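The structure appears below as structure tokens.
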Amino acid sequence: MTRPFLLSASLADPALADPAVFAPVLDQAQAAGLDLLLLGRAGAVPFDAQVLAAWAAPRLTRMGVVPVIAPHHSHPFHIARALSAIDYLSGGLLGWSPVGEGACVPQTSDMVLATRALWDGWDADTLVIDKDSGHYLHSHKVRPSHYAGRWYQTRGPVNAMRPLQDHPVLVVDAASPVAVPGIDLVIAGEDQPTPEGARVLRRSTLGDDPAALAAAFAAGRIDGLHVDLTVAQLPHWAERFGVLAQPRATGGTLRQRLGLPFSPIPTAQSTESV
Amino acid sequence: MPKPIHLWAFLQGIGHYPSGWRHADATPRDVFSMDYYRKVGAMVERGCFDAIVFGDQLQSRGAGGRTPERLAMPTLDPISLLTAIASVTRHIGLVATVSTTYNTPGALAERFWTMDRITGGRAGWNIVTTAHPDTAPNFGETELPDKSLRYQMAADTLEQVSAMWRDMNAARGDTPQLRPVFVQAGQSNDGRAFAARTAEAIFCPAATIEDGIAFRSDLRRRVAEAGRDPDGVRIMPGLSFILADTQEQAIAKDEALLALADEALCIEYLSESLGFDLTSYDPAGPIPGEAILAGTIMPRADIARALDKPVEQGVPLGLFAARFVRTPRGHHVFRGTPAQMAEMMIAWVEAGACDGFTLQPAYMAGELELFVDQVVPILQQRGSLRTDYPGTTLRDTMGLSRRPAEMVA
């Protein structure tokens, strides 16, 4: 398939927690052609982004929703369960973006690894659900994770299915780094280092020239762009960058739509092993 | 004027019966899809229910480390699921079961503050302290705190969370209900004492109308002793049901549903309840009482109480398991016609046995649909059930105080 130009933005207005604000924002963002909407950003998460992502789930038609999650918000056992549920309810249109928010990089990384270890305790083909034989699932495809990191220990198995996308799309801000393998997308300025294998979303502003960004994309230097926005700026974003929006496949998960296949990551038992 | 009946739907995805997922009309695969909840949300609003309630656990099933193969699971995280349902409904209240033992006050405050706001004031919190010993290792701990300590922690947590909500409301603007409706389900003395001080609605088992009257009277007395108004608390016992055109047909339908619980399923279900894996024992043989007591992860005294009599009587393991599945959790199971069910519900409420019911359909979604189509119209005709929603928040719907005392300075 042709390489897609990825369009990402974040919103961190406290008013997003108001349904009369959030509903039209979701419609506008999708109509403008955004591929990813981050809820919150490093230093500004004035709501529970996972709860807002759940509310957005049934309203998504093409865009991925990406809750920003800091270690102090929740324990990996809760994160694994909430994100699994939202991934299913959105039809696989979920991403997640861990940020430090005062926690150090190893702790944030520990949170990511513990959450993934719980998801990996379930195989994708665990459920049988055969009414005739009464066989609901394959017992041997569910395993305790025995994850033991420096900050988080969790035995598992978790009482949540492996997410529809295996793992939701992992988006990391280079300004709030996470030291784990398997990062799908990184938001980075021109001079910031990016993790190997991650697609690069160039941190941009509303003043940037779409033609220059398109040229950087064509030259293979970037895979898309990301802008931190306010709700009021959303129409300006559409005017400026809507020209870069491409039609996307309407079916399938976010990974499929954006060409981000899931690659199994060897299950880490602790942060010491990365 | 007949007393109003409040209706809750307790929806564990696959229904109340462990074998419910095998019913021909059950849709167990759909519980992972939004379309299913869209349909269920529309159904309960058509039936003028107050709320949907989801129970929760913080451990996976798996007595002795073996995940059962015949029991439907897992569940979806209740706050996520209920908030998604809010997005596609207008009136239904959304009661999430969430533990005070394994969540920080900060996380609880932020989750429910956001949930109450984005749902337009339809959030409820079924406050639980978590009783399953397998939970502790999922949170890096070795042992579950004992029950009294858990309830003490719950009271402290609730105080801290309420203080945070007051601050958040002041800083960001009030959520529509100021805080979620507090729901409680504990049966023990500690649980009832906690409910008397905090709960605005109580979910409980009541197998008979007498049980209901006894429980409701006890709770109302405790609520009054705690200095609160007993009329500000709704008692909502569980009610499982099997509906058909005649009582005989309903009993036959129930038998057929129970027959779907084969021996292997019954033994897995019993294993979960006893905290000990029995799948390698001969169903025709005796109940391995000593092995169970030596190996169970549950409180040994509770398990011994459940085993004493059948072990003494020499009941075979398979038969014990089959009987156990037939009388789960002490809830009332109604079998009969829609008219009989409506009469029974009205009689319970008029007798002061409850303020309404937490309906637990035997299987989903068919049995719930029967109730909405056939029982709801009778209750409405009799003036026991409203035909619309009186306001926009769960507090409005349940007729509870709009401004909880501790939230207004």
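The listed protein sequences derive, respectively, from chains W and Z.
This note's numbering puts the first residue of the first sequence at 70, with every later residue one more than the last.
This note's numbering puts the first residue of the second sequence at 9, with every later residue one more than the last.
Note that beta-carbon positions come from the ideal geometry of N, C-alpha and C, so glycine has one too.
Quick caveat: nothing in here was measured; it's all calculated off a predicted structure.
{"Item": "Contact the segment 171-189 of chain Z vs the segment 124-132 of chain Z: 3+ CB pairs below 8 Å", "Value": "yes"}
{"Item": "Residue-level contact to chain W via CB, Thr75 of chain Z, 8 Å cutoff", "Value": "yes"}
{"Item": "Contact check, Val319 of chain Z vs Ser248 of chain Z, beta carbons under 8 Å", "Value": "no"}
{"Item": "Rounded separation between Leu408 of chain Z and His99 of chain Z - CA only", "Value": "15 Å"}
{"Item": "At least three beta-carbon pairs within less than 8 Å, the segment 87-101 of chain Z to the segment 113-124 of chain W", "Value": "yes"}
{"Item": "Neighbour flag for Ala186 of chain W against chain Z, beta carbons, 8 Å", "Value": "no"}
{"Item": "Distance between beta carbons of Thr105 of chain Z and Asp58 of chain Z, contact taken as under 8 Å", "Value": "About 16 Å; that fails the 8 Å criterion."}
{"Item": "Under 8 Å by beta carbon: chain Z residues contacting Val211 of chain W", "Value": "Ser68, Gly70, Thr75"}
{"Item": "Contact list for Asn146 of chain Z against chain W, beta-carbon separation under 8 Å", "Value": "Phe146, Thr223, Arg224, Gly225, Val227"}
{"Item": "DSSP state of Asp235 of chain W mapped onto helix, strand, coil", "Value": "coil"}
{"Item": "Ala7 of chain Z versus Z:Gly399, Z:Arg224, Z:Gly338, Z:Pro412, residue with shortest Cα-Cα distance", "Value": "The structure shown has nothing for residue 7 of chain Z, since chain Z only spans 9 to 417."}
{"Item": "Within 8 Å, strictly: CB atoms of Leu270 of chain W and Leu163 of chain W", "Value": "no"}
{"Item": "Cβ shell of Leu327 of chain W (< 7 Å), same chain only, five flanking positions each side left out", "Value": "Pro73, Leu75, Asp104"}
{"Item": "Met349 of chain Z versus Gly225 of chain W: straight-line alpha-carbon distance, rounded", "Value": "42 Å"}
{"Item": "Span of the beta strand (DSSP E), counted from its first residue to its last, around Gln368 of chain Z", "Value": "364-369"}
{"Item": "Under 7 Å from the C-beta of Asp117 of chain W: neighbouring residues of chain Z", "Value": "Glu118, Arg119, Thr122"}
{"Item": "The beta strand (DSSP E) enclosing Val384 of chain Z, as first and last residue numbers", "Value": "No beta strand (DSSP E) holds Val384 of chain Z; the alpha helix (DSSP H) holding it covers 384-389."}
{"Item": "CA-to-CA distance, Glu358 of chain Z to Ala347 of chain Z, given in whole angstroms", "Value": "16 Å"}
{"Item": "Chain W contacts made by the segment 84-105 of chain Z, where a contact means CB separation under 7 Å", "Value": "Leu84, Asp85, Ile87, Ser88, Leu89, Thr91, Ala92, Ala94, Ser95, Val96"}
{"Item": "For Ala171 of chain Z, three-class secondary structure by DSSP", "Value": "helix"}
{"Item": "Any C-beta of chain Z under 8 Å from that of Ser178 of chain W", "Value": "no"}
{"Item": "Helix, strand or coil at Arg268 of chain W [DSSP, three-state]", "Value": "strand"}
{"Item": "Supposed contact pair Leu402 of chain Z and Val189 of chain Z - C-beta distance, whole angstroms, cut 8 Å", "Value": "5 Å"}
{"Item": "Sub-8 Å separation of Tyr205 of chain W and Glu77 of chain Z beta-carbons", "Value": "yes"}
{"Item": "Integer Cβ distance of Ala183 of chain W from Tyr216 of chain W, believed to fall under 8 Å", "Value": "5 Å"}
{"Item": "Alpha-carbon spacing of Ala162 of chain Z relative to Ala203 of chain Z, whole angstroms", "Value": "11 Å"}
{"Item": "Within chain Z, the residues that Pro83 of chain W reaches when beta carbons sit closer than 7 Å", "Value": "Arg180"}
{"Item": "Contact under 8 Å by Cβ, Leu233 of chain W with Ile252 of chain W", "Value": "no"}
{"Item": "One or two residues paired with Met244 of chain Z in a DSSP bridge", "Value": "Z:Phe211"}
{"Item": "CB contact flag (Trp220 of chain W, Asp189 of chain W, <8 Å)", "Value": "no"}
{"Item": "Pairwise C-alpha distance: Thr138 of chain Z and Gly28 of chain Z", "Value": "25 Å"}
{"Item": "Contact with chain Z by Pro136 of chain W, beta-carbon distance below 8 Å", "Value": "no"}
{"Item": "Alpha-carbon to alpha-carbon, Val211 of chain W and Ile275 of chain Z", "Value": "19 Å"}
{"Item": "Cβ neighbours of Gly220 of chain Z in the same chain (closer than 7 Å, five flanking residues each side left out)", "Value": "Ala214, Pro245, Trp356, Ala361, Cys362"}
{"Item": "Partner residues on chain Z for Arg219 of chain W, Cβ-Cβ distance less than 7 Å", "Value": "What Arg219 of chain W touches in chain Z: nothing, since even the nearest Cβ is about 11 Å away."}
{"Item": "Endpoints, the alpha helix (DSSP H) within which Tyr44 of chain Z is located", "Value": "42-54"}
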